[in-house]
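S.K.:
Chains as they are written, first to last, in the numbering used here: chain E, 1 to 75; chain H, 1001 to 1430.
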C-alpha cells in the first residue's frame, strides 16, 4: 500500500492487481480495519458520516472481492 | 470503489511521487534480432550498469515503494547476474515481471519461477504460427518460445503472460493467440506496434491497417475481458468507448524507462534524446530524475490538445501516443498516426518521412546473430553475444548525450575500434 495525494495505491502480489483508494479518508479506514472491532467502527472513527457509509461499504466490498482485504479467520 | 468524484486520470496527469511500475531494460544484448525491436537491441553496451549499480537502483525503488518493475532488454536473461538481480529485487519487496524470448526458461528455471509469488514472466511471441512469428522475430524463435511456454506450464506456473505485438500479419490470429494462451494456462497480453527503435524501419509495412484496427478494437470489446493490453491501445478509444485501463499516456507521469546504461526516458517507446530525463548514476539517483527532472516536470503540466482539441474524440483518445507521433515525424500536439478518424493518415501524407527523428541509440547486431534462436540445452557454451567497445558516437550513453551528439558513425571495421575513433570534441558542453 502506497499513500498518494488522492488516497493510496494498493498492489496485490498474489493476484497481480492494482487497486486505488480514491480518498485519504478511505485510506484511514483501511489502515485501521485491523485494530477496530468492525468495519463500521473503523468508518465512524475515521469521521465518516452516516450519509457516506453506504459508499464506504461499497468500496470495502470491492476491496474484499479483489482480495485486497479479507475477513478475520479467527480472533 | 469511487468515493470522491475527481477522476483518477486527472490525478495521474500531474504525476505520482513514484511510478506505478516502470520498465527497466537490463541489457541491450540479445540472441535475437527482431525487426521491430523498440530498443534496437543486439549488442551489449559496455557502459551497462554493473550488478552493484543495479542493486542500488533496486534499493531506491524499494524506498519509493515501486510495486514492480517490468524487466526487459535486449534479452535480460543473458546477463550473468540476472537471477541474482531478480532475487535481490523480490527480497526487497520489488516485484519482477520480466519479458523473455524464452532462451533461459529450462524446466529447472521454470520450476523456480513457479515457486515465487513475486515473479511474473512474459514470453514474447508475435505470431500464432512459426511462419508469422519467425518472419518478425527470426528463425527458430517460435520453437524457442513454445518450449519455454511448455516448461512453464509443466512446472505449474499458472497465468504467465504471452506477449504479442499486433502487426498487419497477426491481427487475424487473435483467436489463435487466445487459444494458445488457454492451452498453456497463460494469459494473453497484446500491445501496440510502435515506430520506435528498429520498429521505425518496418512500421510502414507492419502496422495494422485501418480496417484491422477496427477489427482489433471490436475483438477487444467482445472477447478482451481477460486479455491484457498494457493500456497501449488508448488511441482506439476514439471509436466510441474506452477500453479497460487508464486510457491515457502515462509517460513520465505514472511510467518511465530505465535503459541498460541507466538513462531514464519518459517511456519505453521513446528512446531518444528528446525524451531523456536524466541518468540513475547522477547524484540524486533515480528518485531525483523522477521527481524533479525538467522533462518530467514539463510532461506533468496540462498538455495542449493542439490540432486535436476541437475533435469530438479528443476526450477519449487524448491525441494518442507521443512516441508514435514523434517517430513518424508528426507534431506532438497533433493526431496519432493511427488516429481512428483518419486524421493521422492525412497528416502523415504531408510529412517528409526522411525528416522524422531517428531513435538515438542503435545496438543492433552488425550481422545476423550467429546462433539464431537456438535454445539453451541444445548446445553447450556461452550465449552468442558480441561485445564491442563503446560506439564512437550516438549511443554511448550519458557522455555522448551530454556532449549533444545524437547520431554518427558506429565503427564497423576491426581497425576502427580505437576508443577515440570518430571522436569529435563537442562544440558546446552541457
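Yeah, the Cβ is synthetic: ideal placement off N, Cα and C, and Gly gets one too.
Quick one: what's got a C-beta closer than 7 Å to residue 73 of chain E's C-beta in the same chain, skipping five residues either side?
M.R.: If we look at residue 73 of chain E and ignore the five residues flanking it on each side, it has no Cβ neighbours.
S.K.: What residue from H:1018, H:1013, H:1212 has the CA that sits closest to residue 2 of chain E's CA?
M.R.: Per the Cα distances, H:1018.
S.K.: Output the residue ranges of the beta strand (DSSP E) runs that lie fully inside the stretch 1127-1171 of chain H and measure 3 residues or longer, sorted by chain position.
M.R.: Runs found: 1161-1166.
S.K.: By alpha-carbon positions, which one of H:1359, H:1127, H:1328, H:1275 ends up nearest to residue 1344 of chain H?
M.R.: Measuring from the Cα of residue 1344 of chain H, the nearest candidate turns out to be H:1328.
S.K.: What are the residues of the stretch 1080-1105 of chain H that lie near chain E, defined by any Cβ-Cβ distance shorter than 7 Å?
M.R.: Flagged, chain order: 1095.
S.K.: From residue 1072 of chain H to residue 44 of chain E, what does the alpha carbon distance come to, in whole angstroms?
M.R.: Going by the C-alpha atoms only, they are around 46 Å apart.
S.K.: Can you find a CB in chain E that lies within less than 8 Å of the CB of residue 1065 of chain H?
M.R.: Cβ-Cβ to chain E under 8 Å: yes for residue 1065 of chain H.
S.K.: Is there a Cβ from chain E that is less than 8 Å from the Cβ of residue 1399 of chain H?
M.R.: Because residue 1399 of chain H carries a pLDDT of 38, less than 50, the predicted location of this residue cannot be relied on, and no value is offered for it.
S.K.: Would residue 1036 of chain H and residue 1132 of chain H be called neighbours here (beta carbons separated by less than 8 Å)?
M.R.: Contact flag unset, no.
S.K.: Answer yes or no: do residue 1015 of chain H and residue 1233 of chain H have a C-beta to C-beta separation smaller than 8 Å?
M.R.: Cβ atoms of residue 1015 of chain H and residue 1233 of chain H: not closer than 8 Å.
S.K.: Suppose contacts are defined by Cβ-Cβ distances below 8 Å. Is residue 13 of chain E in contact with residue 1230 of chain H by that definition?
M.R.: No, Cβ-Cβ distance for residue 13 of chain E and residue 1230 of chain H is not below 8 Å.
S.K.: Is any beta-carbon of chain E found at less than 8 Å from that of residue 1118 of chain H?
M.R.: Yes, residue 1118 of chain H lies at the interface with chain E (some Cβ there is under 8 Å from its Cβ).
S.K.: Give me, in chain order, the residues of the same chain whose beta-carbon lies closer than 7 Å to that of residue 19 of chain E; leave out the 5 immediate sequence neighbours on both sides.
M.R.: If we look at residue 19 of chain E and ignore the five residues flanking it on each side, its Cβ neighbours are 10, 63, 66, 68.
S.K.: Are any of the Cβ atoms in chain H nearer than 8 Å to that of residue 47 of chain E?
M.R.: Cβ-Cβ to chain H under 8 Å: no for residue 47 of chain E.
S.K.: When you compare only the Cα positions, how much space is there between residue 15 of chain E and residue 1325 of chain H?
M.R.: Those two C-alpha atoms are separated by around 35 Å.
S.K.: Does DSSP classify residue 1071 of chain H as helix, strand or coil?
M.R.: Strand at residue 1071 of chain H.
S.K.: Below 8 Å between beta carbons is the criterion; list the residues of the stretch 9-26 of chain E that meet it against any residue of chain H, in chain order.
M.R.: Those residues of the stretch 9-26 of chain E that come within reach of chain H (Cβ to Cβ, closer than 8 Å) are 9, 11, 13, 14, 16, 18, 19, 20, 21, 22, 23, 25, 26.
S.K.: Mind listing the chain H neighbours of residue 5 of chain E? Cutoff is C-beta to C-beta under 9 Å, in chain order.
M.R.: Neighbours of residue 5 of chain E on chain H, chain order: 1011, 1014, 1016, 1017.
S.K.: Mark residue 1301 of chain H as exposed unless 16 or more other C-beta atoms lie within 10 angstroms of its C-beta, in which case mark it buried.
M.R.: Answer is exposed; the Cβ neighbour count stays below 16.
S.K.: State yes or no: is the C-beta of residue 1347 of chain H within less than 8 Å of the C-beta of residue 1334 of chain H?
M.R.: Result yes, Cβ atoms of residue 1347 of chain H and residue 1334 of chain H sit closer than 8 Å.
S.K.: Starting from the C-beta of residue 1312 of chain H, find all residues in its chain whose C-beta is less than 7 Å away, skip the five residues before and the five after it, and write them out in chain order.
M.R.: Once the five neighbours on either side are set aside, residue 1312 of chain H has no close Cβ partner at all.
S.K.: Let me see if you follow: with CB-CB separation under 8 Å, is residue 1258 of chain H close to chain E or not?
M.R.: No, residue 1258 of chain H does not count as interfacial toward chain E.
S.K.: Can you give me the Cβ contacts of residue 1291 of chain H inside the same chain, cut-off strictly under 8 Å, excluding the 5 residues immediately before and after it?
M.R.: Closer than 8 Å at Cβ, skipping near neighbours: 1017.
S.K.: Short of 6 Å in beta carbon distance, which residues of its chain neighbour residue 1156 of chain H, apart from the five on each side in sequence? Order them along the chain.
M.R.: Excluding sequence neighbours, residue 1156 of chain H sits near 1114.
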